[in-house]
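Since the structure comes first, as C-alpha cells, the remarks are kept for the end.
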Amino acid sequence: MKSCKKTVKPIGLNDITIVDDAKMRKAITAAALGNAMEWFDFGVYGFVAYVLGKVFFPGADPGTQMIAALATFSVPFLIRPLGGLFFGALGDKYGRQKVLAATIVIMSLSTFAIGLIPSYASIGIWAPILLLLAKMAQGFSVGGEYTGASIFVAEYAPDRKRGFLGSWLDFGSIAGFVLGAGVVVLISTTLGEAKFEEWGWRLPFFLALPLGMIGLYLRHALEETPAFQQHVEKLEEGDREGLARGPKVSFKEVATKHWRSLMTCIGVVAVTNVTYYMLLTYMPSYLSHNLHYSENRGVLIIIAIMVGMLFVQPAIGFISDKIGRKPFIVVGSIGLFILAIPAFMLINSGKIGLIFAGLLMLAVLLNFFIGVMASTLPAMFPTHIRYSALAAAFNVSVLIAGLTPTIVAWLVESTNDLYMPAYYLMVIAVVGLVTGVTMKETANKPLRGAAPAASDLEEAKELLQEHHDNIEQKIEDIDAEIAALEAKRKELVQQHPRIN
Numbered sequence: 004m005k006s007c008k009k010t011v012k013p014i015g016l017n018d019i020t021i022v023d024d025a026k027m028r029k030a031i032t033a034a035a036l037g038n039a040m041e042w043f044d045f046g047v048y049g050f051v052a053y054v055l056g057k058v059f060f061p062g063a064d065p066g067t068q069m070i071a072a073l074a075t076f077s078v079p080f081l082i083r084p085l086g087g088l089f090f091g092a093l094g095d096k097y098g099r100q101k102v103l104a105a106t107i108v109i110m111s112l113s114t115f116a117i118g119l120i121p122s123y124a125s126i127g128i129w130a131p132i133l134l135l136l137a138k139m140a141q142g143f144s145v146g147g148e149y150t151g152a153s154i155f156v157a158e159y160a161p162d163r164k165r166g167f168l169g170s171w172l173d174f175g176s177i178a179g180f181v182l183g184a185g186v187v188v189l190i191s192t193t194l195g196e197a198k199f200e201e202w203g204w205r206l207p208f209f210l211a212l213p214l215g216m217i218g219l220y221l222r223h224a225l226e227e228t229p230a231f232q233q234h235v236e237k238l239e240e241g242d243r244e245g246l247a248r249g250p251k252v253s254f255k256e257v258a259t260k261h262w263r264s265l266m267t268c269i270g271v272v273a274v275t276n277v278t279y280y281m282l283l284t285y286m287p288s289y290l291s292h293n294l295h296y297s298e299n300r301g302v303l304i305i306i307a308i309m310v311g312m313l314f315v316q317p318a319i320g321f322i323s324d325k326i327g328r329k330p331f332i333v334v335g336s337i338g339l340f341i342l343a344i345p346a347f348m349l350i351n352s353g354k355i356g357l358i359f360a361g362l363l364m365l366a367v368l369l370n371f372f373i374g375v376m377a378s379t380l381p382a383m384f385p386t387h388i389r390y391s392a393l394a395a396a397f398n399v400s401v402l403i404a405g406l407t408p409t410i411v412a413w414l415v416e417s418t419n420d421l422y423m424p425a426y427y428l429m430v431i432a433v434v435g436l437v438t439g440v441t442m443k444e445t446a447n448k449p450l451r452g453a454a455p456a457a458s459d460l461e462e463a464k465e466l467l468q469e470h471h472d473n474i475e476q477k478i479e480d481i482d483a484e485i486a487a488l489e490a491k492r493k494e495l496v497q498q499h500p501r502i503n
C-alpha cells in the first residue's frame, strides 16, 4: 500500500484572505446598528406593554391587557420563518449586503407605523388589527435581519477574532434595548404618566425612522463579504469552463445532509433567546404587574443591568477566541439550571439590592450565550447555503422562544406561582446543555466552504503553517493506519496462505 502524500493538495499563501481593517469596521458598525434598530423596538415594546394593553385592549382587566399586549409581541414570530426563508434564499443568490439593506427599510417603516395607529377608542377593533399587521411586517423583515447580520460579520472577520468581532453584533442588541428603555423612561418622566399613556408612548416608535435611515446609509455603502465574493468567483469560473453551477439545494436536502448543524443551531438559539426575552422583555412587566413596582422603577433596574451587560459582552467574545465557544454554552446552561430558582428568590424578596442581584445573575448567564452566538451559528453551514439554512433554523427556534413572554405571563396568572419563570428557564437550560455537549467546536477555524482569513500577512503565514502541520499530521495518521492494515494483512496471509 502507498502513502497518501501525493493525493493531498495544501493551500498556498495566496489562498488565505487578508481582511481589510477599514472594511471590517464598517461591516461591524452597519450590522450592529441594524441589530440595535431591531432590539430598540423590542425594548420599547416590552417597556410600554402595560400602556399598549390599555390603549388597544381597554375592555379587559389589567392582567389580560398585559397578556394581550405581549401576545401581539409574540404572534409576529409566526411570520419570522417565512421571512427567513424568503430573505435567506435571496441572500444566498444575490448577496448579503443587498438583503440587509432591504430588511432595515421594512423594519424601520413598520416600527414607525406603530406610533401612527389610532387607539381602540378612536377606531375600535381596527386598532389592534393594525398593530398586529405592523408587528407582522416587522417579523417578516426581522426573519432575515439577525442571521444576515451575523453572517455578514462572520464572513468579514479573521478566523482568530471571529468571537470578539461577532460579539459586537449583540452588543448592538443590548445597546438597542438600553436606548429603547432609556427613551421610554425619559419621555414618561418628562410628560408624566397621564400624558405618556394618552400620546407620549408613540414618540419612541417615531425614532425608528431616523435610525433606519442611518442604518440604510451605512449598509448601502458596504461591499459584499469576501466569502460570498469567493463563492461567486467560483461559480463564474465554472461558467467560463462550461461547467454547470450545480442544482439548487432544497431545504429537504439541507435538513438531510446538515441535520446536526440545524439541531445545534436550534438549540443554541432557543436557550439564548428564551433567556433573552425572559430577562429583557418579560421582566419589566413582571416587576410592575406581579411585584407591584412602579413602571419607571422596574425599567431603571433593567437598564442598569443591561449597561453592565454591555461591558461583559465583548469580553466573552474575546475569551471564546482563546478557549472556544462550547465552554460558554455548557457552563451557561448548567448555571441557568442551578441558579434560576435562587435568582427568582432574590427577585421576589422585595428588597431592591436583592432584586438587582437576582437579575444580574440571569444577565451574566445570558452574556455567556449571546457572547458566542453570532460567531457560532454562521460557522455551522457552507457558504452557498449559509444564509438560507441558518435563517430557517434560527427562525424556527426563535418562533418557540418568542412565545416566552406570553406563555410565562399566562402561567403566572393561571397558577399564581411567581416561580413559573424559573421553572421555564430550567427546562430550556437542559436543552442548552445537551446542545453544548454535542456541538462541534468552531473557534479559530475557517468558515465551512471559505478560505482561511487572517488580520495581516504575519497571521496569514502562521495560519498557513498550522494548515500544513495539520495536513502532515493527518498524513502521518493515515499512513500509520495503512501500515497497521498492511501488517494485519501479512499476519492473516501467514495464518491462512490461501487468502493471498
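Under the numbering used here, residue 503 is the last one in the sequence shown; the count climbs by one each step, no gaps.
Just so it is clear, CB atoms sit at the ideal spot from N, CA and C, and this is done for glycine as well.
Bear in mind that the values here come from a model prediction, so they are computed numbers and not experimental data.
Could you pull the start and end residues of the alpha helix (DSSP H) that Leu-81 belongs to?
Unbroken run through Leu-81: none, as it is neither H nor E.
Rounded separation between Ala-366 and Tyr-296 - CA only:
20 Å
Residue range of the unbroken alpha helix (DSSP H) whose run includes Val-58
52-59
Can you look up Ala-457 in the DSSP assignment and give me helix, strand or coil?
strand
Pick helix, strand or coil for Thr-192, following the three-state DSSP scheme.
helix
CA nearest to the CA of Pro-121, picked from Thr-114, Leu-112, Met-110, Leu-133:
The shortest C-alpha separation from Pro-121 is found at Leu-133.
Between the stretch 190-202 and the stretch 414-427, do at least 3 Cβ pairs fall closer than 8 Å?
Flag = no, the stretch 190-202 and the stretch 414-427 do not touch.
Let me check understanding here. Comparing Cα to Cα, which of Lys-29, Pro-287, Gly-215, Val-271 lies closest to Met-383?
The residue from Lys-29, Pro-287, Gly-215, Val-271 with its alpha-carbon nearest to that of Met-383 is Val-271.
Can you check which of these residues, Ala-392, Met-442, Phe-314, Ala-453, is closest to Ile-19 by C-alpha distance?
Ala-453
Can you give me the C-alpha to C-alpha distance between Ile-190 and Ile-355, rounded to a whole angstrom?
24 Å
Beta-carbon separation of Phe-167 and Phe-321 under 8 Å?
yes
Residues that DSSP places opposite Ile-305 in a beta bridge:
Ile-305 is not bridged to any residue.
Collapsed DSSP secondary structure at Thr-20 in the structure displayed
strand
Trp-171 by DSSP, collapsed to three states: which one?
helix
Where Thr-267 falls: helix, strand or coil (DSSP):
helix
Three-state class that DSSP yields for Leu-488 in the structure shown:
helix
With H, G and I counted as helix, E and B as strand and the rest as coil, what does DSSP make of Thr-228?
It is coil, neither helix nor strand.
Counting Cβ pairs closer than 8 Å, one from the stretch 137-149 and one from the stretch 82-91, do we hit at least three?
In this structure the stretch 137-149 lies against the stretch 82-91, because at least three pairs of beta carbons, one per stretch, are closer than 8 Å.
Am I right that Pro-424 and Phe-314 are in contact with their C-beta atoms under 8 Å? What's the rounded C-beta distance?
Actually they are not in contact, since the Cβ atoms of Pro-424 and Phe-314 sit about 25 Å apart, beyond 8 Å.
Identify whether Trp-413 lies in helix, strand or coil by the three-state DSSP scheme.
helix
Take Val-156 as the anchor and find which of Ala-116, Arg-222, Asn-351 has the nearest alpha-carbon.
Arg-222
Alpha-carbon spacing of Asn-447 relative to Asp-420, whole angstroms:
Cα to Cα, the separation comes out at about 45 Å.
Might you give, ordered along the chain, the residues of its own chain that have their beta carbon closer than 8 Å to the beta carbon of Leu-363, omitting 5 neighbours on each side?
Only Ile-308, Gly-311 meet the Cβ criterion.
Assuming Phe-397 and Phe-180 form a contact by the criterion Cβ under 8 Å, report the distance between their Cβ atoms to the nearest whole angstrom.
The Cβ separation is near 19 Å, so there is no contact.
Could you name the residues of the same chain whose beta carbon sits closer than 7 Å to that of Thr-106, not counting the 5 residues immediately before and after it, in chain order?
The beta carbon of Thr-106 sits closer than 7 Å to the beta carbons of Phe-90, Ser-144, Gly-147, Glu-148, Gly-151 from its chain, once the five residues preceding and following it are set aside; these are given in chain order.
Taking Tyr-422 as the reference, which of Met-442, Ser-352, Val-440, Ile-481 has the closest Cα?
Ser-352
Distance, Cα to Cα, Ala-130 vs Phe-59?
Ala-130 and Phe-59: Cα-Cα distance of roughly 6 Å.
Considering only residues of the same chain and omitting the five flanking positions on each side of Pro-317, which have a CB-CB separation below 6 Å?
Ser-170
List the whole-angstrom C-beta distance separating Met-429 from Phe-371, where the pair is believed to meet the contact cut-off of C-beta under 8 Å.
That pair is no contact at about 16 Å.
Give the straight-line distance between the Cα atoms of Leu-290 and Thr-407, rounded to the nearest whole angstrom.
16 Å
Residue interval of the alpha helix (DSSP H) (run including Arg-389):
389-404
Alpha carbon of Leu-488 to alpha carbon of Asp-480, nearest angstrom:
So the two alpha carbons sit approximately 12 Å from each other.
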